[in-house]
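Trainee: End of the sequence shown sits at 919 in numbering that gives the first Met the number 0; the numbers just go up one at a time, nothing left out. If you scroll down you'll find the structure; I have some questions about it.
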Amino acid sequence: MQILFPARALLRAQRQLSAACLILGSLVSPVMAASSPSVEDLFEMDLKQLLNTRVTGSYLSLESPAYSPITVIDREQITRSAANSLDELLQQLPISAGYAGNAGNTYWGTNGNSSTHVNLRGLGINRTLVLIDGHRIANGGTGANAAVDLNAIPLSLVERIEIFRDGASAIYGADAVAGVVNIITRNKLQGTEASIRYGETSKHDGAVRNAQISWGASGQLGASNNQASLLVDLNHYTSDPINMASRAPCGLGEVNGKLVCVNSGNTIGGRARLADGQRINFNQTAGGDGDFYEPYSASKHNFNANPYLNAINPVDRTSLSAKAELITQNQLRLFSTFMYTKQEAEQLASPGILGLNRPMSISADHPTNPTGQNLVLERRRLLEAGTRNFYQDIDYSYGLIGMEYKIRDNWLWQISINHSRNTGLDGWTNVANLDRVDQTLDTSICSNAPNAAIPCGDYLGYGDLSERVLDYIMTNIEDSGGNEQQAIAAHLGGELMQLPAGALLLAAGAEIREDKAWRYPDPLVLARAANSGEQESVKGTLKAQEAFVETNIPLLRDLPAIKSLGLSGALRYSDYDLFGDNTNYKLALNWQPVDDLELRSSYASAFRTPNVPELFLGNLVQNRITRDPCNNWSSLPANSMTRQNCQAAGVPANYQQLVTSVPTTVGGNPDLQPEEAHTHTLGILWQPAFAPGLSASLDYYSINIDKAIVTVDGTTRLAACYNSNNLSHPLCGASHFTRNPFSGEINYLSVQWVNAARETQQGVDLRLSGQTEWEGWQAQLDWYTSYLDSYQIQPYQNAGRIDYAGKVTSGRGSYLKWRSLASLTLARANWSGSYGIRYLHKGTQLDATPGSIGANIPAVSYHHLQMRYQAAKTLELALGIDNLFDRSAPYVSNWLDTNTDTMTYDQAGRRWYLGATIKW
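Right, here's the structure in full:
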């Protein structure tokens with residue numbers, strides 16, 4: 000058999016690639032791979048076939064083995080998962096880690112309240128590229144957001160999800176650092192399909208309602224040979240809240256080796272610091288002595304905010320989608336997709352707090368001050384005004400039109416235009432106007448007269464604020480914003496020539512893309528008068544022009560120990576108006592020594608461009624959960640560096656961190672440059688001939704990110720400072736944080752973005768799947784496992800590395816060593832049932848004091864059960880239970896919400912659901 004020398008093949012390929020690039024120079028841009036197989040074909044494929052015909056990760060129609068690791072979740076697996084939304088489905092996967100918004104943590108979200116995301120490998124929601132049918136979609140949320148909001152995509156429209164677990168910037172461009180999530184939508188439906196579902200927890204709360212109806216038709220148009228199809232989908236989803244106190248009666252903390260209710264130091268009577276240094280608290284009894292005050296006591300005066308918060312927040316979402324396709328007899332395919340989603344969501348928030356966003360000083364001679372001393376009102380919770388509500392009203396739209404033409408039998412040309420946009424209103428109720436608060440304390444302009452324009456206010460003691468004062472100072476605020484993307488793309492791909500080992504494939508194309516983002520805070524916020532933290536308007540545009548080329552070269556075939564050997568490569572050139580140009584590449588090698596075994600390896604570069612908020616966001620103050628190392632510093636050993644530094648910094652000897660949320664300043668940096676990354680994978684796929692249906696894969700990955708755009712979190716910054724010799728660390732400067740000179744509390748903390756970090760991560764993904772039949776029974780096993788060996792972050796040059804592997808963080812979610820998800824399905828006749836287990840390995844809390852409660856977090860397993868019955872040819876019934884054994888979330892200190900990591904652990908508890916699907 001003739002063997003083509005690889006160097007000669009590469010030279011020939013280079014000449015052909017150059018010619019193809021010239022041909023495509025007049026085209027516009029690429030997006031999607033060649034035509035995907037039909038739904039019916041997919042269900043007949045085994046795993047190997049499905050990988051070889053995938054859309055994600057290549058623009059080539061590969062018949063050779065897969066070159067990179069990919070996870071495919073089909074519609075049957077989605078149904079068995081019992082997920083109500085994409086975030087529920089994707090965040091349960093072992094490959095997901097770290098921070099990602101969901102219904103249980105959006106109060107503390109950093110990408111817009113109520114938005115949800117996927118975070119592959121925990122590298123950040125903005126390092127995972129989300130596609131719809133191979134096409135990009137605009138970031139989503141309430142304006143100037145950093146990642147795609149999964150709420151925009153109804154789960155009922157999803158046919159399957161392909162997760163490309165490798166860097167893919169050479170194929171798709173920016174942001175595909177951790178990988179790509181490609182959501183493949185349903186393509187054809189003949190007739191009508193409707194489903195309803197209702198579920199709630201075993202505590203009779205958190206009800207979820209989901210209703211969906213789809214209609215589709217396909218067939219020949221009249222007497223012509225043209226084929227057409229149309230699919231329309233309508234979905235409505237609502238969920239009820241779960242009050243936080245029903246899952247966590249109070250905020251916990253360790254005192255004398257025991258967990259007790261410590262609650263919040265933002266008291267309802269008012270916690271104040273007198274001129275002589277004494278800390279006092281004013282009357283907290285409704286109708287009590289308005290002039291009463293006493294020494295402050297955390298156990299006596301702290302406020303339990305949990306009844307005024309939700310563990311799970313309510314959502315109301317409606318989606319309308321349509322897909323159309325026309326295939327003419329001359330092999331021209333016209334296609335289009337349109338989606339519209341409207342979401343209304345809200346989050347319950349505890350009563351507002353004065354003294355947090357603006358200091359309140361009251362003189363000794365003020366008529367409301369009974370102490371005879373000047374004082375600073377450190378915190379005063381406005382319980383008289385009631386709870387606050389955050390709400391979002393967001394509209395998402397997505398449109399795509401395109402055409403595809405088959406040239407001869409082995410070339411495919413495609414061009415498409417897509418536009419996506421979302422706009423949102425983001426409001427708060429019951430917010431204090433701080434300018435008016437100051438006016439009610441200014442006796443030169445306020446009055447106690449019945450009809451005074453500015454009433455005087457008494458903030459020293461619960462119940463002393465009159466209704467007239469509350470009406471005067473309380474208001475609502477509403478911000479607005481949005482995101483928009485438009486792109487035009489084209490590509491050409493097919494067989495360039497036949498080599499002795501197979502067909503040499505080539506694809507090339509180009510893309511033009513524009514992203515816009517904006518956010519306009521309420522005028523009261525811009526004036527820094529709203530008791531909601533500071534914000535500034537942000538607006539920006541990013542433009543990109545890109546071109547790519549990709550090839551697959553079969554090297555050897557049908558030799559001893561070489562069933563096949565192939566090399567693939569890709570190169571992408573990107574030109575950004577703000578950052579200049581960037582070139583990324585990928586090389587992959589696949590070796591199939593025998594029919595049953597495949598070995599694969601890839602090496603690629605990747606990059607992520609700064610998004611609009613990172614570039615242009617003005618100063619924004621958020622209340623972020625932060626651990627202060629100087630908390631109770633005087634109880635530390637005398638030789639403790641933290642004790643010595645806290646004392647040297649002038650922190651009071653009796654200082655206690657009474658509130659875990661600290662006002663934190665974030666902001667954009669127009670000098671940011673793209674992140675640069677390199678990824679390496681090495682994997683094996685085994686499909687033994689003696690066990691048809693059995694498949695096992697193991698993939699090692701390594702990711703290195705340079706010039707990482709980071710905001711070093713407040714806990715880490717403070718720990719680095721106070722653990723350095725004589726406060727010598729660069730993060731100790733006043734530009735990073737300051738303290739109140741009297742109370743010692745942190746009153747300024749900056750975590751603005753910089754290109755300063757280096758991140759490295761290594762790990763292993765494992766998958767085992769199999770299916771078999773025995774005496775009328777059908778069984779299927781799916782088992783996914785991810786092992787995180789190391790995840791090190793060097794937050795800035797010359798800094799020590801922080802290893803997040805095996806850790807649970809404050810505000811970034813968890814990076815547990817092991818995560819696993821397994822499901823076993825049995826079916827016979829009209830019955831089927833599945834049992835699933837989600838396993839989260841034990842971990843340790845980052846920055847926790849060794850030996851403290853919550854420092855070591857136990858392993859957790861969640862069990863899920865589902866039964867389905869085909870009652871008739873057109874009717875299927877389903878019953879399921881999630882968190883079957885009602886496993887409660889483990890205690891994690893330094894977390895405000897339900898005393899746990901809301902990004903990792905279940906807060907709702909056991910819940911059941913009933914569903915029905917009918918087709919006609």
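Quick reminder that beta carbons are idealized off the backbone N, C-alpha and C, glycines included. Since we're looking at a predicted model, the values are computed, not measured.
Could you please give me the residues that DSSP links to Asn-101 through a beta bridge?
Mentor: For Asn-101, which the question treats as bridged, DSSP gives no partner whatsoever.
Trainee: Apart from the five residues on each side of it in sequence, which residues of its chain come closer than 8 Å, Cβ to Cβ, to Leu-671?
Mentor: Excluding sequence neighbours, Leu-671 sits near Pro-609, Glu-613, Leu-614, Ile-708, Trp-752, Val-753, Asn-754.
Trainee: Starting from Asn-644, trace the alpha helix (DSSP H) both ways and give me its first and last residue.
Mentor: Where Asn-644 is concerned, the enclosing alpha helix (DSSP H) stretches over 640-647.
Trainee: Around the Cβ of Thr-710, are there at least 16 other Cβ atoms within 10 angstroms (buried) or fewer (exposed)?
Mentor: Counting Cβ neighbours within 10 Å, Thr-710 comes out buried, since at least 16 surround it.
Trainee: Just to check my reading of the structure: Ile-162 and Thr-70 have Cβ atoms closer than 8 Å, yes? What is that Cβ distance to the nearest angstrom?
Mentor: Rounded, the Cβ-Cβ distance is 4 Å, consistent with contact.
Trainee: Measure the C-alpha to C-alpha separation of Thr-200 and Asp-881 and round it to an integer number of angstroms.
Mentor: Roughly 9 Å separates the two Cα atoms.
Trainee: Give me the DSSP bridge partner(s) of Phe-689.
Mentor: Paired residues: none, contrary to the question.
Trainee: Which value, in whole angstroms, describes the spacing of the CA atoms of Gln-906 and Ala-858?
Mentor: Between Gln-906 and Ala-858, the C-alpha separation is close to 16 Å.
Trainee: Would you decide whether Pro-68 is buried or exposed? Buried here means 16 or more other CB atoms lie within 10 Å of its CB.
Mentor: Counting Cβ neighbours within 10 Å, Pro-68 comes out buried, since at least 16 surround it.
Trainee: Give the C-beta separation of Ile-267 and Leu-382 to the nearest angstrom, bearing in mind that I take them to be a contact with Cβ-Cβ under 8 Å.
Mentor: Right, their Cβ atoms sit about 4 Å apart.
Trainee: Counting pairs of Cβ atoms below 8 Å between the stretch 642-657 and the stretch 327-336, do you hit three or more?
Mentor: No, the stretch 642-657 is not in contact with the stretch 327-336.
Trainee: By DSSP's criteria, Tyr-890 is part of a beta bridge. Which residues make up the other side?
Mentor: Beta-bridge pairing links Tyr-890 to no other residue.
Trainee: Do Trp-517 and Gly-142 have their C-beta atoms within less than 8 Å of each other?
Mentor: Yes, they are a contact pair.
Trainee: Mind checking whether Ala-173 and Phe-547 have CB atoms under 8 Å apart?
Mentor: No.
Trainee: Can Gly-208 and Tyr-197 be called in contact, C-beta distance under 8 Å?
Mentor: Correcting the residue identity first, residue 208 is Arg in this sequence and not Gly. Yes, they are a contact pair.
Trainee: Going by alpha carbons, who is nearest to Ala-888 out of Lys-872, Tyr-861, Glu-875?
Mentor: For the residues Lys-872, Tyr-861, Glu-875, the minimum Cα distance to Ala-888 belongs to Tyr-861.
Trainee: Excluding the 5 residues preceding and the 5 following Arg-909 in the sequence, name in chain order all residues of the same chain whose CB lies nearer than 6 Å to its CB.
Mentor: Ser-201, Asn-882, Asp-885, listed in sequence order.
Trainee: Where do the ends of the beta strand (DSSP E) carrying His-300 lie?
Mentor: Premise fails: His-300 lies in the alpha helix (DSSP H), 297-300, not in any beta strand (DSSP E).
Trainee: Rounding to the nearest angstrom, what Cα-Cα distance links Arg-387 and Gln-346 in this structure?
Mentor: Using only the alpha carbons, I get a separation of about 9 Å.
Trainee: Taking His-735 as the reference, which of Lys-538, Thr-284, Cys-720 has the closest Cα?
Mentor: For the residues Lys-538, Thr-284, Cys-720, the minimum Cα distance to His-735 belongs to Cys-720.
Trainee: Is DSSP giving Ala-8 helix, strand or coil here?
Mentor: Low confidence applies to Ala-8: its pLDDT is 34, below 50, so where it sits in the model is not reliable enough to give any reading.
Trainee: To the nearest whole angstrom, what separates the beta carbons of Val-129 and Val-147, a pair I think is in contact under 8 Å?
Mentor: Confirmed, about 4 Å.
Trainee: Three or more beta-carbon pairs under 8 Å between the stretch 352-367 and the stretch 242-249, yes or no?
Mentor: Segments in contact, no.
Trainee: Rounding to the nearest angstrom, what Cα-Cα distance links Ser-419 and Leu-464 in this structure?
Mentor: Looking at the two C-alpha atoms, the distance is approximately 48 Å.
Trainee: Return the first residue and the last residue of the alpha helix (DSSP H) that Ile-77 is part of.
Mentor: Residues 74-80.
Trainee: Three-state secondary structure (DSSP) at Gly-398?
Mentor: Gly-398 falls in the strand class under three-state DSSP.
Trainee: Suppose you measure from the CA of Ile-792 to the CA of Gly-351; what does that come to, to the nearest Å?
Mentor: In a straight line, the C-alpha of Ile-792 is about 36 Å away from that of Gly-351.
Trainee: Would you mind stating whether Ala-137 and Asn-118 have Cβ atoms separated by less than 8 Å?
Mentor: No, they are not a contact pair.
Trainee: Quick one: what does DSSP say Ile-152 is sitting in, helix, strand or coil?
Mentor: Coil at Ile-152, not helix or strand.
Trainee: So does the stretch 265-281 actually touch the stretch 365-379, counting three or more Cβ pairs closer than 8 Å?
Mentor: Yes: at least three Cβ pairs fall under 8 Å.
Trainee: State buried or exposed for Ser-194, treating a residue as buried only when at least 16 other CB atoms are found within 10 Å of its CB.
Mentor: That one is buried.
Trainee: How do the stretch 684-696 and the stretch 763-779 stand: do at least 3 beta-carbon pairs fall below 8 Å, yes or no?
Mentor: With the cut-off at 8 Å, the stretch 684-696 and the stretch 763-779 touch.
Trainee: My output table needs one value for Val-983: the three-state DSSP class, helix, strand or coil.
Mentor: Nothing about residue 983 can be reported from this structure: the residues present for the chain run from 0 to 919 only.
Trainee: If you draw a straight line from the alpha carbon of Ala-543 to that of Gln-413, how long is it in whole angstroms?
Mentor: C-alpha separation (whole angstroms): 20 Å.
Trainee: Are the stretch 478-485 and the stretch 418-437 touching, with three or more C-beta to C-beta distances below 8 Å?
Mentor: Flag = yes, the stretch 478-485 and the stretch 418-437 touch.
Trainee: Once you ignore the five residues that flank Glu-758 on each side, which residues in its own chain have a CB closer than 6 Å to its CB?
Mentor: Result list for Glu-758: Ile-704, Ala-707, Ile-792, in chain order.
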